[in-house]
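A quick write-up on the structure given underneath.
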Amino acid sequence: MNNENIHDLAASYALDALDDLERASFERHLSECDRCREEVAGFSETAAAIASGESRVPPPELRSVVLGQAAVNPQLPPSVPVQVRQGRRWAVRATLIGAVAAALLAFAAGVLWGPYLTSSETEKQLVAIAGEPDARLVPVAMQVPGRANLLVSANEGAGVFVADRLEQAPDDKVYQLWDMAPSGEVAPMTTFRPDAGGSATVEFRADLADTAAVAVTFEPQGGSQQPTSDPIAVGALTEA
Amino acid sequence: MTCEKERSRVRHLSGFLRFAPTVGGLWSPYVQRREVSAVRLKPVENAQPDPVDPIGALLAATAAGDRDAFAQLYDVVAAAVHGIALRVLRSPAHAEEVTQEVFLEVWTHAARYDRNRGSARAWIITMAHRRAVDRVRSVRASQDRAVSAGVREVAPLPDETAETVERRFEQRRVRAAMARLSEQQRRALELSYYSGFTHREVAEAIDVPLGTAKTRIRDGMIRLRDELGVAQ
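Here it is, written out as C-alpha cells:
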C-alpha cells in the first residue's frame, strides 16, 4: 500500500472493507494522523446509521443469555494497571493478551513496511513472557519523541522493550538499554536501532527481581559498558 | 550488540555519578505517570452522564458495573446489533452468536470506551459489524469461495415490522439517504458494508479497477455522511 493515499482509506476502514493487513497498517497510521481519526469517527457514525436502518429485534431468549453472561463475567478496568494486585490478576492478564495481540498486529503491519521484520524469536519471547503469571506491562517515561512500554517477567528473567514513533539515533549512536538496581548500579544490556517507521521491539535478559528500572541512553555504536550520556527514557519497575 | 545473560553489575564510580544527578529526574516522570494513571483509573471520568448521548450514559453506568443499565443498553441497541449481524451473515444462528459476543464485549470493555473517539452507539455498532465481517470472511474462506455467490446474497431481506415509531423513522431516513446516492456508490457501499467485501473484492465483483472502487466507497460515504447530517 502506498503511503501517499493511506489517508483515503478512512471510509473503507469504517466499513470494514480493508483486509487484515491493510487494517493493521491503517490502524498504525491512525495512531499518528489526527485528520484520519476524525474522518473515521464521522464515517463510523455514518456506518452506524446504515446499521440502524437494518434493525431486527433478536429473539427474546437472547436477552437472558446476554444478561446471564454479564452476571458471570468480570469487567476490565479502564486502563492498564501498573502493578499486579491480588484479585486483579485476570484483568492484567487480559490486558497483556491485548498488548501481545497489538504487538502481533504490529508485526503484521511490519510486513507492509518492508525489510524491518521483527525476528520470530522476539515474537516467541514476547508470547513466552506474556504467558508468565508475573508478567507486567510497564509504561516507559520518555524524554525524547516516542512511546514505549516494557513487558517484563522476573520468572522468565526477561523482558521486551516495545516502542514506536522513535526518532533515529544521532549519527554514530545507537539506543542502549540499561538494567538499574535500586542502589543506582547499572548493568549494560542490548543496543538497538528503531526501524524506518520508528518502531523497535527489543528483548533483553535480566534478573528482574533486583531491577529498579530499565533505562535507555544514546551510546556510541557497539554500545558501552557504562553509560556515557543521561537517560532519555526510564521504565520504573518498582515503587519510587 | 551486548546481551548479557548473567547480570554483571558494572559499578564504575564515573558511570554511577553520570546517572546520580539525574536520578531525581529519572524518578519524577515515573511519579508523574502514576498520577496520570490514577486519573485514568478513576471511574468517575467514565461515569459522567452525557446529556446528548443517552446510550453513552447507559454505557458509563454499565462500566461502573450497573447490570440494570446494561439491560437497558441491551434493550436500546440489541436490534441494531442483531440487525447488522443478520444483514451481513444472512444466518439467524450466526447473527445471534455475534450479538451475544458483542454484548459480552460491551460488558467487559465498557470502561475502555473513549467518548472522544465517537458515540457509544457507533462504538457498539462498529464492534458488531467488525465481528460479523470477520466471521463471514472466515466462513467464506472455508467454503468454496466464489465471489459471484457472495454477490447473489445481496438480495434484500424481507421487511419486518419495526416495533417502535422511532426506529421506523430512523430506517426511513437512512433508506432515503441511501436512495439519494448514485447507483454506483450505493452498490459499492452495499457490497462492502452488507456483504463484508474488501474493497478489492468490491472491485472484482463490479469489475472496475481497485482505485475506482475505493473512490466510489469514499465518495458514497462522504455523501451519506452529509445527507445524514453526521457531525464531523
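So the sequence lines, in the order shown, correspond to chains U and B.
Residues in the first sequence are numbered consecutively from 2, following the working numbering.
Residues in the second sequence are numbered consecutively from 4, following the working numbering.
Glycine included, C-beta positions come from ideal geometry on N, C-alpha and C.
For residue i, the three-state DSSP class (helix, strand or coil)
i, result
"U:Gln222", "coil"
"U:Val139", "strand"
"U:Gly43", "helix"
"U:Thr202", "strand"
"U:Thr192", "strand"
"B:Tyr197", "helix"
"U:Arg148", "strand"
"U:Ala164", "strand"
"B:Tyr116", "coil"
"B:Val84", "helix"
"B:Gly59", "helix"
"U:Leu68", "helix"
"B:Leu107", "helix"
"B:Gly214", "helix"
"U:Asp35", "helix"
"U:Leu10", "helix"
"U:Asp20", "coil"
"U:Asp180", "strand"
"U:Ser154", "strand"
"U:Gly185", "coil"
"U:Ala170", "coil"
"U:Gly236", "strand"
"B:Val236", "What is shown of chain B runs 4 to 235, which leaves residue 236 of chain B out entirely."
Nearest-angstrom Cα separation, counted from residue j out to residue i
i, j, result
"B:Glu193", "B:Val109", "26 angstroms"
"U:Lys174", "U:Asn150", "22 angstroms"
"U:Ala216", "B:Ala131", "42 angstroms"
"U:Pro171", "U:Val145", "12 angstroms"
"B:Pro32", "B:Leu61", "Since pLDDT at B:Pro32 reaches only 37, below the 50 mark, its modelled position is unreliable, and the value read off the structure follows with that caveat. Their Cα atoms are separated by approximately 36 angstroms."
"U:Ser56", "B:Leu76", "15 angstroms"
"U:Pro82", "B:Glu207", "Any reading at U:Pro82 is ruled out, since the residue's pLDDT is 40, under 50, leaving its predicted position unreliable."
"U:Arg38", "B:Gly223", "19 angstroms"
"B:Gln188", "U:Ala11", "16 angstroms"
"B:Ile87", "B:Asn119", "24 angstroms"
"U:Met181", "U:Met190", "10 angstroms"
"B:Thr201", "U:Pro232", "46 angstroms"
"B:Val136", "U:Ala188", "49 angstroms"
"U:Ala48", "U:Ala210", "49 angstroms"
"U:Ala15", "U:Phe44", "6 angstroms"
"U:Ser13", "U:Ile51", "14 angstroms"
"B:Phe172", "B:Ala82", "14 angstroms"
"U:Glu186", "U:Gly198", "33 angstroms"
"U:Ala25", "U:Asp17", "12 angstroms"
"U:Asn6", "B:Arg203", "15 angstroms"
"U:Pro134", "U:Gly236", "20 angstroms"
"U:Gly54", "U:Val153", "47 angstroms"
"B:Arg90", "B:Ala191", "16 angstroms"
"B:Ala64", "B:Phe73", "8 angstroms"
"B:Gly121", "B:Arg70", "23 angstroms"
Assumed close pair residue i, residue j - CB separation to whole angstroms, cut-off 8 angstroms
i, j, result
"B:Asp99", "U:Pro228", "Per the sequence presented here, residue 99 of chain B reads as Glu, with Asp not at that position. Not a contact, Cβ separation roughly 59 angstroms."
"B:Arg115", "B:Gly199", "25 angstroms between Cβ atoms; not a contact."
"B:Ala1", "B:Leu231", "Since the first residue shown for chain B is 4 and the last is 235, residue 1 of chain B is missing from the structure and cannot be characterised."
"U:Phe1", "U:Tyr176", "Nothing about residue 1 of chain U can be read from this structure; chain U reaches only from 2 to 241."
Where residue i falls, given that 16 or more other Cβ within 10 Å makes a residue buried
i, result
"U:Glu168", "exposed"
"B:Glu186", "exposed"
"U:Ser32", "exposed"
"B:Arg178", "exposed"
"U:Glu62", "exposed"
"U:Ala214", "buried"
"U:Asp20", "exposed"
"U:Gln222", "exposed"
"U:Pro75", "exposed"
"U:His8", "exposed"
"B:Arg219", "buried"
"B:Ala96", "exposed"
"U:Gly224", "buried"
"U:Asp196", "buried"
"U:Ser65", "exposed"
"U:Val73", "exposed"
"U:Ala42", "buried"
"U:Ser184", "exposed"
"U:Pro116", "Caution applies to U:Pro116, whose pLDDT of 33 falls short of 50 and renders its modelled position unreliable; the value that the coordinates give is listed next. U:Pro116 is exposed by the Cβ-count criterion."
"U:Ser200", "buried"
Checklist line | Residues in the region 36-51 of chain U having any Cβ partner in chain B nearer than 9 angstroms | finding: Arg38, Glu39, Glu40, Val41, Ala42, Gly43, Phe44, Ser45, Glu46, Thr47, Ala48, Ala49, Ala50, Ile51
Next item on the list: Using a Cβ-Cβ cut-off of less than 7 angstroms, list which residues of the region 86-116 of chain B approach chain U; keep chain order.
Entry: Gly86, Ile87, Leu89, Arg90, Glu99, Thr102, Gln103, Phe106, Leu107, Trp110, Thr111, His112, Ala113, Ala114, Arg115
Check: At a Cβ cut of 7 angstroms, what residues of the region 194-205 of chain U count as close to chain B, listed as they run along the chain?
Finding: Phe205
Item checked: Positions along the region 148-169 of chain U whose CB lies within less than 7 angstroms of some CB in chain B -> none
Next item on the list: Note down, in chain order, all residues in the region 127-142 of chain B with a beta-carbon under 9 angstroms from any beta-carbon belonging to chain U.
Entry: Ile127, Ile128, Thr129, Ala131, His132, Arg133, Ala135, Val136, Asp137, Arg140
Check: Residues in the region 55-69 of chain U with C-beta within 8 angstroms of chain B's C-beta atoms, listed in sequence order?
Finding: Glu55, Ser56, Arg57, Val58, Pro59, Pro60, Leu63, Arg64, Val66, Val67, Leu68
Check: For the region 58-74 of chain B, which residues have a CB atom closer than 8 angstroms to at least one CB atom of chain U, in sequence order?
Finding: Ala66, Gly68, Arg70, Phe73, Ala74
Notebook entry, point to check: Listed from N- to C-terminal order along the chain, which residues in the region 194-205 of chain B have their beta-carbon within a distance smaller than 9 angstroms of any beta-carbon of chain U?
Noted result: Leu194, Ser195, Tyr196, Tyr197, Gly199, Phe200, Thr201, His202, Arg203, Glu204, Val205
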